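Here's the structure we're looking at; comments come further down.
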Amino acid sequence: MGGSVSISALIVGTALLGIFALASLSLNNSAITATGVLEENYDEPEIRLINASEVSGVIHLNMTNAGDEPISFDQTWFSIDGTLPIRASDYHNQTTILFPGETLHMQLSGTGFTSPARIFVASMGGQSGISFS
Amino acid sequence: MADGGASELIMLISSLLVAGIVTALLIASWGGLANSVDIVQNQAEANSKTNAALASDPMQVSWDQPSCNLSLHIQNTGTLELLDAEIGIIANGTASTVNQTRLLGNSSTWTTGEVVELQVCPSGVTMSAGQEIIVTVVVRSEHYQGISGQYSFSEVIRLV
């Protein structure tokens, strides 16, 4: 009688230990997933157009990165007077990144716009717009 | 003596059966729970990797009433590829039909940083230039660990 109870307790105890091990493993996976989710929730870039002008078909603009993350020109799109967005890197290839705190003078030539009124920039959720002076 | 041995044997077998059943039940219930937690985790992770934003100038969004055509440009700001065939648009409170999608910049897939142009028709809605409306965009990602991520955002736009 005593022996059978001991064996039963051993089986149930082993099962509980196994479940505890699985629970620990699952908790660890949950922590890793939560870390991944938090890492994905990055802040939007803070991109700012300071001024813009157009001279002989060439658009001149000053732009700054007011945030903490680098901004890639491959992922930055300009829209002039509400028209089809154009990728910044297609018109500016001297540099590829706008670093935090950096202010850059850009010249966009070949856009086909003469006397535009407004330019808007969007990059990974960050937005800024300004009128031409 | 023999009776005592037999009863102990019956008790042993009974105990083993009960222990086995309890163990099976515990493991099965844990398995179900772990599976549910896994699905929720994967969904949360897929959603966190799915993101989009308006790339159009919200102050100057093209609207043509006669052809029922609202032009929107949406950038993939997440880390998963988005599906351009599975976009939902609500314009001025009306569920809209996406008549055409086009990837800009010589891209073939809607990956991170790429922009899609949408031609949208909010059927039965009369809007005019200068009107400000709210547009809600719903996007869906490719499968990530067997689950598709979803994201939605709303933005005020001015029609021209």
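Here the protein sequences come in this chain order: A and B. Going by the working numbering, the first sequence opens with residue 1, and the numbers climb by one from there. Going by the working numbering, the second sequence opens with residue 1001, and the numbers climb by one from there. For each residue, glycine too, the CB sits at the ideal point set by N, CA and C. The structure presented is a predicted model; accordingly, all values stated were derived computationally and were not measured.
Checking 9 angstroms against the spacing of the C-beta atoms, do residue i and residue j come in under that value?
i, j, result
"B:G1088", "B:V1138", "yes"
"B:L1080", "B:Y1144", "yes"
"B:N1099", "B:V1125", "no"
"A:F78", "A:L98", "no"
"A:G67", "A:E46", "yes"
"B:I1134", "B:S1148", "no"
"A:A52", "A:N65", "no"
"A:D90", "B:G1113", "no"
"B:A1034", "A:S26", "yes"
With DSSP as the reference, label residue i as helix, strand or coil.
i, result
"B:G1020", "helix"
"B:V1125", "coil"
"A:M63", "strand"
"B:T1094", "strand"
"B:L1080", "coil"
"B:E1045", "helix"
"B:D1038", "helix"
"A:N51", "strand"
"A:T14", "helix"
"B:N1099", "strand"
"A:L98", "strand"
"B:A1085", "strand"
"A:S133", "coil"
"B:F1153", "strand"
"B:E1008", "helix"
"B:G1032", "helix"
Along chain B, which residues have their Cβ under 7 angstroms away from the Cβ of residue i?
i, result
"A:L154", "Shown here, chain A extends from 1 to 133; a query on residue 154 of chain A therefore has no answer."
What does residue i touch in chain B if you count any residue whose Cβ is under 9 angstroms from its own?
i, result
"A:G110", "In chain order: nothing, as chain B lies at least about 15 angstroms away."
"A:S53", "Per Cβ cutoff of 9 angstroms: no residues; A:S53 is ~18 angstroms from chain B at best."
In this structure, what does DSSP give as the bridge partners for residue i?
i, result
"B:Y1144", "B:I1147"
"B:D1064", "B:N1069"
"B:L1159", "B:V1061"
"A:F78", "A:I86 and A:V121"
Starting from residue i, find everything on chain A with Cβ-Cβ shorter than 8 angstroms and list it in chain order.
i, result
"B:S1148", "Chain A residues near B:S1148: none, gap ~16 angstroms exceeds 8 angstroms."
"B:A1055", "W77, S79, P85 and A122"
Taking residue i as the query, report the chain B residues whose CB atoms sit under 8 angstroms from its CB, ordered along the chain.
i, result
"A:I11", "L1016, A1019, G1020 and T1023"
Find the residues of chain A that neighbour residue i, judging by a C-beta separation of less than 9 angstroms, and give them in chain order.
i, result
"B:M1059", "G82, R118, F120 and G129"
"B:G1130", "The premise fails here: B:G1130 is roughly 13 angstroms from chain A at the closest Cβ pair, so nothing lies under 9 angstroms."
"B:Q1075", "Q75, W77, P85, A122, S123, M124 and G125"
Practice prompt. Check each residue of the region 65-87 of chain A: if its Cβ is closer than 9 angstroms to any Cβ of chain B, include it; give the result in chain order.
Written response: S72, D74, Q75, T76, W77, S79, I80, D81, G82, T83, L84, P85, I86 and R87
Discussion item. Residues of the region 1078-1096 of chain B in Cβ contact with chain A at a cutoff of 9 angstroms, in chain order, please.
Written reply: G1078 and T1079
Practice prompt. Please name the residues in the region 1113-1125 of chain B whose beta-carbon is closer than 8 angstroms to at least one beta-carbon of chain A, in chain order.
Written response: G1113, V1115 and E1117
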